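1 is the number of the first residue of the sequence shown in the UniProt record's numbering; add one for each residue after it. Idealized CB from N, CA, C, for every residue including glycine. Keep in mind it's a predicted model, so treat the numbers as computed, not measured.
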Amino acid sequence: MRWEFTRGDELVRSVRAVDTATHPDYQGQGIFTRLTLHGIDELREEGCSFVFNTPNEQSRPGYLKMGWRVVGQPHVFFRPRSATAALKMLRSRTPAERWSSPSNLGAPAAEILSDARGLQALLDSLPRVASLRTRHTAKTLEWRYGSELLSYRIVTGAAGIEDGIAVVRVRQRGDAREAALCEVIAPNDDARARKALVKAVTNQVDADYVLRLGTNRDGLLPLPKQGPILTWRGVAETEMPALDDWMLTLGDIELF
Numbered sequence: 001m002r003w004e005f006t007r008g009d010e011l012v013r014s015v016r017a018v019d020t021a022t023h024p025d026y027q028g029q030g031i032f033t034r035l036t037l038h039g040i041d042e043l044r045e046e047g048c049s050f051v052f053n054t055p056n057e058q059s060r061p062g063y064l065k066m067g068w069r070v071v072g073q074p075h076v077f078f079r080p081r082s083a084t085a086a087l088k089m090l091r092s093r094t095p096a097e098r099w100s101s102p103s104n105l106g107a108p109a110a111e112i113l114s115d116a117r118g119l120q121a122l123l124d125s126l127p128r129v130a131s132l133r134t135r136h137t138a139k140t141l142e143w144r145y146g147s148e149l150l151s152y153r154i155v156t157g158a159a160g161i162e163d164g165i166a167v168v169r170v171r172q173r174g175d176a177r178e179a180a181l182c183e184v185i186a187p188n189d190d191a192r193a194r195k196a197l198v199k200a201v202t203n204q205v206d207a208d209y210v211l212r213l214g215t216n217r218d219g220l221l222p223l224p225k226q227g228p229i230l231t232w233r234g235v236a237e238t239e240m241p242a243l244d245d246w247m248l249t250l251g252d253i254e255l256f
């Protein structure tokens with residue numbers, strides 16, 4: 001999947017590796033490896049900088065054999081709604097459901113994302129950063145979160161989009177309802193505005209806890225040694241960015 005980052009003033013073109021499947025009758029014959037390495041060669045000709053993904057424990061060894069390297073585990077933060085909810089979360093250490101659960105939080109994402117002009121103004125206010133950050137536009141956010149099938153919800157700031165947005169989806173994880181906080185975009189990336197958005201989500205969401213991945217806590221609690229393992233494969237670039245050089249969100253790496 002084509003993926004664009006910004007790094008300062010630089011546009012970094014990359015690829016996010018997603019699902020690959022081989023028919024059972026042809027597994028173990030090197031087909032996956034040959035297809036993948038052939039794809040890397042084509043990406044090199046196109047000027048792609050690197051490939052990134054978060055393979056599970058079963059598929060990670062295969063990627064590492066093909067030259068992928070482990071970047072590390074992005075930071076995970078959470079906030080339970082109550083002590084009972086925290087216990088429910090601790091007992092629900094199973095994979096989350098693929099599909100979202102119904103939620104009344106905020107408004108349907110498609111409704112908020114239809115304001116392309118307001119959304120682009122919010123994105124344009126973000127300062128440049130030296131880390132790798134996904135290059136979003138109003139169109140990419142609509143593509144990523146606007147599908148009614150995925151049931152994303154958006155909480156806006158007090159004055160609407162101009163005060164920022166938080167993109168959330170509620171899903172079941174075992175016996176617990178989890179609110180996956182996928183994006184928090186505040187005007188000028190203002191810390192107080194970010195915290196206000198996160199607080200609004202934690203106060204209003206119909207879930208047991210809020211879960212977030214990224215570099216900013218914004219009032220949430222750290223959840224160490226949890227979450228996916230980020231891996232990287234150089235294509236045009238040969239120097240792997242350190243974990244602290246990535247500004248990934250949960251929306252950047254979750255399956256959708």
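{"query": "Helix, strand or coil at L37 according to DSSP, with G and I counted as helix", "result": "helix"}
{"query": "Beta-bridge pairing of P108 - partner residues as DSSP gives them", "result": "R153"}
{"query": "Per-residue DSSP class, three states only, for N203", "result": "helix"}
{"query": "P224 versus I112, R212, W232, P102, residue with shortest Cα-Cα distance", "result": "R212"}
{"query": "Distance CB(V167)-CB(L43) smaller than 8 Å", "result": "no"}
{"query": "Pairwise C-alpha distance: R2 and F50", "result": "11 Å"}
{"query": "8 Å Cβ cutoff met for P55 and T231", "result": "yes"}
{"query": "W68, DSSP secondary structure in three states", "result": "coil"}
{"query": "Entirely enclosed beta strand (DSSP E) segments - the UniProt domain \"N-acetyltransferase\" (1–94), minimum 3 residues", "result": "2–7, 10–16, 50–53, 69–72, 76–80"}
{"query": "Beta-carbon contacts of N104 that lie in its chain and below 7 Å, excluding the five residues immediately before and after", "result": "D206"}
{"query": "E148: CB within 7 Å of a non-hydrogen atom of the ligand MN", "result": "The ligand MN is absent from the structure shown, which contains no ligand whatsoever."}
{"query": "Residue environment, E148, which counts as buried when at least 16 other CB atoms sit within 10 Å", "result": "exposed"}
{"query": "Status (buried if at least 16 other CB within 10 Å, exposed otherwise) for N53", "result": "buried"}
{"query": "Neighbour-count burial assignment, D244, 16 or more Cβ in a 10 Å radius", "result": "exposed"}
{"query": "Residue range of the beta strand (DSSP E) that includes T231", "result": "230–234"}
{"query": "DSSP-derived helix/strand/coil call for A158", "result": "coil"}
{"query": "Proximity winner among L221, S125, V71, P102, relative to M240 (alpha-carbon distances)", "result": "V71"}
{"query": "Contact under 8 Å by Cβ, T238 with R79", "result": "no"}
{"query": "Inter-stretch contact (C-beta, 8 Å, three-pair minimum) for the stretch 158–173 and the stretch 122–135", "result": "yes"}
{"query": "Counted within 10 angstroms of its Cβ, other Cβ atoms place residue 261 as buried (16 or more) or exposed", "result": "Because the chain spans 1 through 256 in this model, residue 261 falls outside it and cannot be assessed."}
{"query": "Any 3 or more C-beta pairs closer than 8 Å across the stretch 135–147 and the stretch 80–97", "result": "no"}
{"query": "Residue(s) in a DSSP beta bridge with L221", "result": "F78"}
{"query": "Buried versus exposed call for V12 [16 or more other C-beta atoms within 10 Å across all chains shown]", "result": "buried"}
{"query": "Beta-carbon gap between G251 and E183 smaller than 8 Å", "result": "yes"}
{"query": "Own chain residues within Cβ distance below 6 Å of R173, not counting five before or after", "result": "S92, A96"}
{"query": "Cβ-based burial, A179 [other Cβ within 10 Å; buried from 16]", "result": "buried"}
{"query": "Burial state of S114, where buried means 16 or more other Cβ atoms lie within 10 Å", "result": "exposed"}
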